[in-house]
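Structure first, commentary second.
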Amino acid sequence: MAFTVNPEKFRFPEEFRAGVKGKRVLISGAGKDGGLGQSFALAAGLNGAESVAVHFHSSYDDGLDLVDYLRSQGVNAFPLQADVTNMGDLWASRSYVIEKMGGIPNLVICNSGLTEKGYSFGRSLREIEGESMAMRRARVRQAFINNLNETRLVLDTKIDGFMAMTHLWSGEAVYANEPLQIVYISSRQAIDPGVSVPGYAIANWAVLQLPKVLQVNLGRSAELVSAFSVLYPFVRTGMTNEYAENPKVFGRWQPRMLETYEAAEGFMQLLAQPKETTNLGMFEAIVEPLPEKGERAVKFTWKQVRFHIEEELTPFSANRPLEFA
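And the structure:
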């Protein structure tokens, strides 16, 4: 059975349940065991959600086990297998989700279980002593292709996939005249990029723009759909577990990696806030040490991130503006 987490750690205080209680919840990228998406699905299902759609693309073993567990707890959970970068595949899931839920989702959590394995962006591979020029050219070419394919998959999923999910379900909400909340899972690397994961950093930056872009495009219907983004630091998942004991990777942000149930509890606290508090916001998870309470003790807080745009006329253009008749 591919279900290794302790689900009891995902039952949270009553005050944190308001964001999911009685709601129809869809979580993308929720299939992987030990993943962040799985933690959101458990948090929703075990804290009062009316129904939970567990989306996955290829992680069907883990995803189906998660659905089975949630059903054993009396949750109306169901699997949703779809490629969010394939528009036909995603559109075909629409009627299935509505039928299983008995209505459109009230809460859509756009999450992705993808990142990059890492490569030196903008730098060529190191030379190997004794390597022929032909061998080096072939090796560098193959690395270039592999690296960019890795990046393309991340960009397609985080940008195209999240855009498509947004377009689909906000359109349904406006048509049905029902409120919808969308949450985009981003990363602190969006505003503080790390090395070796350029596509991941860029894709997560793009995610931060989606709530505002959506509001502008919805116009008068914007009051129906609220949206915000969440910027997580390192969370211990199947992708990051190998770095969990390496402070050189995560040490600049936090004293240790968050466990998925800790990340989920923080998320539930944020989700329980009034929509007027969170709408259009960018919320950064901050993890700080609490040495007086033990080596692993940490304090989890939320910071709101705001971008300030400044525009000023350049001296060269001010001195010599172009004029056209």
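Whatever position you read off the sequence shown (first residue = 1), add 190 for our numbering. Don't be surprised by glycine CBs; every beta carbon is placed ideally from N, CA and C.
What would DSSP say about residue i, mapped onto helix, strand or coil?
i: T467; result: helix
i: N266; result: strand
i: R214; result: strand
i: M355; result: helix
i: A417; result: strand
i: T427; result: coil
i: V519; result: The chain is shown only over 191 to 515; residue 519 falls outside these bounds and no answer can be derived.
i: L260; result: helix
Going by the CB atoms, is the gap between residue j and residue i shorter than 8 Å?
i: T450; j: L226; result: yes
i: A363; j: V330; result: no
i: H245; j: D273; result: no
i: V373; j: F418; result: yes
i: V344; j: G389; result: yes
i: F206; j: Q459; result: yes
Using only CA atoms, which one of the options lies nearest to residue i?
i: T356; options: P479, R326, P295 and A453; result: P295
i: V210; options: F246, Y250, V265 and D251; result: V265
i: A239; options: D223, F202 and L254; result: F202
i: E524; options: Q228, I335, P511 and L232; result: The shown model of the chain, from 191 to 515, leaves out residue 524, and the question about it has no answer.
i: M472; options: L461, K493, P388 and K348; result: K493
i: M353; options: A234, I375, N339 and D258; result: I375
i: M447; options: A475, Q463 and T468; result: A475
i: L421; options: L398, H498 and F268; result: L398
i: L269; options: E485, S262, E501 and L256; result: Rather than Leu, the amino acid found at residue 269 in this sequence is Pro. Among E485, S262, E501 and L256, the Cα nearest to that of P269 is on L256.
Looking only at its own chain, which residues have a Cβ that is under 7 Å from the Cβ of residue i, when we skip the five neighbours before and after it?
i: G308; result: S386 and V387
i: G224; result: T194, V195, T427, G428 and T450
i: K489; result: E478 and L480
i: A208; result: A462
i: G293; result: R214
Apart from the five residues on each side of it in sequence, which residues of its chain come closer than 6 Å, Cβ to Cβ, to residue i?
i: A333; result: L315
i: V287; result: A243
i: Q444; result: P423 and V477
i: S360; result: V415
i: N337; result: Y309
i: V495; result: M472 and E474
i: T341; result: G389
Only counting the same chain, and skipping five residues up and downstream in sequence, which positions put a Cβ closer than 8 Å to that of residue i?
i: E513; result: none
Legend entry - Contained alpha helix (DSSP H) runs [length at least 4] in the region 433–487, N- to C-terminal order: Runs of the alpha helix (DSSP H) inside the region 433–487: 437–440, 450–461 and 465–468.
Legend entry - Whole alpha helix (DSSP H) elements within the region 301–340, 4-residue minimum: none
Inset, instruction - Give, in chain order, every unbroken run of the alpha helix (DSSP H) that is at least 4 residues long and sits entirely within the region 345–404. - result: 352–366
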